[in-house]
Each structure stands twice: as C-alpha cells, then as structure tokens.
Amino acid sequence: MRPLLMVHGISSNARKTYGVPGHFLKPDPKGMYNYLIKQGYRPGIDLFWYSYPTLNPIPVSARRLKSEIQKILEITEVQELDLLTFSLGGIIGKYYVVSPLFQNEIRNLVMVAPPFQGSHWADWFRSPFTKSAADFVFEGDGKALSPQVLSFKSPFLQKLAQTQFPDSIVTTIIALKAVADQQPSLVYESLRWLTNWAGEGDLVVPIESSRIKVNHFHEITEELSFTAIHRYLPYNPRVQELVFEALR
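Numbering (our numbering), first residue to last: 197 to 444.
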C-alpha cells in the first residue's frame, strides 16, 4: 500500500478534519482516519498527517508540504506517495505539483471540495484583512494570506485552475451538491449560522468551484445533514468510500 499523506483545510487541523488522535484523545470513530485504518492503512507506516498554520501564504504552505513529503519518503524508503486533501489543502496540493517544488513524488492526488473557483470563506474573512487577492502574485511574495486568495474571481485561483496537472499524477476531485431538506433550518458552518440552502454546493464551496480538469470527478448529491456540509465532508461515508476507491 502506497504511503498516504492527509492535508487539512483552512481554520482547522488534522484532528478536526480527519479525526486523527490528539493529546489524550482517541481517534474519532467516524473520521476519515479511522475509516482508512479499517481499510488496511497503518499509522506511521503508510498513513501520515500533519497540521499547519492555514493563514500562511500558499507558497509557504507548499514548502511546508514539501518538507512533510520528504520526511515520509525517508521514513518509508519509497519514491512516491499519495496525497489526500480537503478544501484549502487542495489548493496547496495543486500549487505544489505545478511548481518547481514538485519532483514526481506524488502518484495520486485526491481532493475533497477544493475551491478552485473561490469560496464563501473569502467573504467571511474580508473584514479582518484588508489586502485584496490582486496583491497576491502566483509565485508568492510571502505576504498574502490564504483567505484573501480564496475570493471568487481571484487572479491567483484563476491561473492555478487553468494550469494543467503533470501527466504523471492521477487526479480525483470529490464534491458535494447539497439539496435543501423540506424543513427550514439553520446550519452552523465555518464560524457562522447559515440557512440550510445557499446554492448548489456544500454551503462553503459551490459545486462549480470544484470543477477543473482532472482524471476523475465525483459529484455527490445529498440532503444537508451533519455529514453533508462542508467541514464534515471527510466524515461522510460516501466521500470516504470514493477516497479509498481513488487510492486503490
């Protein structure tokens, strides 16, 4: 089984996103981590994760990813691994593989709900931060914060979305098209309460935002529920199944 590295999304960590064990905390039984273990993955042998400051510029996070990849390759003594990303992690993952940092170390890149055309997160973060996405150059100037880059019509995202993946990588995207249930309600998602219908997506990332050219694109249609909103997609049983299928 090829080693797998899991990369979480914005304003989160590996514990929240994938249910990995924490200090004095057991793994979440419904998390991606526990699911993958049931499929045969072994922590520290072929299953790895890390947490990173999500408000860093994308190039900084990509360099951190490079460091984590190198550590795993040294530990496992293999030449390549698979990458599983969630949300912002997908942006970092693609930036990495299309940049000079990439040295053919990744075989499969599986992305859950990547916001390649923008995310509502950017609007929610707008007030604390003043720089615009236009201030961020593709090469990275070490100053821009990742939430600023995630705005709709972001020049950075537009360029990244149009850049082709290396032919050596098998790419998969899994995204949710949430369907409003019959009873009006509020859903707590990403620092705020939302109505239970905010357009075709998962309340944070519109379904079209995840549509870029990849080898495999999976669109899940479900009524909004605990596991059918953005931040809990890695806990969704169907998402977990599709992730494992992509890694096989």
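Yeah, the Cβ is synthetic: ideal placement off N, Cα and C, and Gly gets one too.
- Counting only residues of its own chain and dropping the five nearest sequence neighbours on each side, HIS414 has a CB closer than 6 Å to the CB of ILE370 and LEU438.
- Excluding five sequence positions before and after ASN300, the CB atoms of its chain that fall closer than 6 Å to its own CB belong to SER364, given in chain order.
- Burial state of THR417 is exposed, judged by a 10 Å Cβ sphere holding fewer than 16 other Cβ atoms.
- Within the model, the alpha-carbon separation for PRO310 versus GLY218 is close to 25 Å.
- Three or more Cβ pairs drawn from the region 276-294 and the region 242-256 lie within less than 8 Å of each other, which places the two stretches in contact.
- Under the DSSP definition of a beta bridge, THR281 partners with VAL203 and MET307.
- Look at PHE244 here: in three-state DSSP terms it is strand.
- With a threshold of 16 other beta carbon atoms within 10 Å, ILE271 falls short and is exposed.
- Selection ILE288, LEU221, PRO239 and LYS234 evaluated against TYR248 yields ILE288 as nearest (Cα-Cα).
- Using a 10 angstroms sphere on the CB of PRO433, the tally of other CB atoms stays under 16, which defines it as exposed.
- As the crow flies, the alpha-carbon of LEU443 is around 26 Å from that of GLY314.
- Counting along the chain, GLU270 sits inside the alpha helix (DSSP H) bounded by residues 254-272.
- For ALA210, same chain residues with a beta-carbon under 7 Å away, outside a window of 5 residues either side, are MET202, HIS204, VAL216, TRP245, TYR246 and SER247 in chain order.
- Counting along the chain, no alpha helix (DSSP H) covers LEU251, and no H or E run does either.
- The continuous alpha helix (DSSP H) containing ILE233 extends over residues 228-234.
- LYS409 carries a coil assignment under DSSP once its states are collapsed to helix, strand and coil.
- For PRO199, the number of other beta carbons within 10 angstroms of its own is at least 16, and it is reported as buried.
- DSSP lists VAL308 and HIS414 as the bridge partner or partners of ILE370.
- In the DSSP assignment, LEU221 is bridged to GLY218.
- Of the residues LYS226, ILE206 and VAL366, the one whose Cα lies closest to the Cα of VAL306 is VAL366.
- DSSP lists no beta-bridge partner residue for PRO362.
- In the structure shown, PRO433 adopts helical secondary structure according to DSSP, grouped into three states.
- With a cutoff of 8 Å on beta-carbon distance, ALA258 and TYR231 are scored as not near each other.
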